[in-house]
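Residue numbers (this note's numbering): 48 to 185.
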């Protein structure tokens, strides 16, 4: 059953990931975007890596995370893969990857300090993207 949230791009569906918050119209959990951001992938880069997403969905997912940090951190913790289960070649690929921008973890100290002009730009991007969502898709 689909459940809307206060964020236009974020929904819950009890049939997908047991109701964990996801990007509307996808099976992509909000935590996947948050985890990419935390390792230093900029919001603008995420749609390049997850090509089925648009920037407004990414910003809305990060906004959802900031509004629901305790809940989302539980999902992130529950879904961590033990280090011994990760193949060494995967880890080597990550180490060799060129990380651009500031790691998301370092940006958390700025939570709540985004200028009102930047918030207006983010809200506008989210609103513009929301108009692209096909409400009949569900």
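Note that the Cβ used here is the ideal one computed from N, Cα and C, for glycine as well. Owing to the predicted nature of the structure, the values given are computational and were not obtained by experimental measurement.
Around the C-beta of residue i, are 16 or more other C-beta atoms found within 10 angstroms, so that it is buried, or is it exposed?
i: residue 109; result: buried
i: residue 96; result: exposed
i: residue 68; result: buried
i: residue 117; result: exposed
Please list, in chain order, all residues of the same chain as residue i whose beta carbon is under 7 Å from its beta carbon, the five residues on each side excluded.
i: residue 61; result: 48
i: residue 107; result: 54, 55, 56, 57 and 173
i: residue 105; result: 80, 90, 93 and 94
i: residue 126; result: 78
i: residue 99; result: 73
Counting only the same chain and skipping the five closest in sequence on each side, list residues whose C-beta sits under 8 Å from that of residue i.
i: residue 50; result: 58, 59, 60, 61 and 66
i: residue 175; result: 103
List the DSSP bridge partners of residue i.
i: residue 50; result: 59
i: residue 69; result: 58 and 76
Which residues in the same chain have their Cβ closer than 6 Å to the Cβ of residue i, if we skip the five residues on either side of it in sequence?
i: residue 74; result: 63
Taking the alpha carbon of residue i as the point to measure from, which residue in the options has its own alpha carbon closest?
i: residue 112; options: 136, 170, 52 and 81; result: 81
i: residue 115; options: 78, 136, 84 and 131; result: 78
i: residue 119; options: 136, 88 and 76; result: 76
i: residue 85; options: 98, 161, 123 and 99; result: 123
i: residue 87; options: 163, 165, 162 and 153; result: 153
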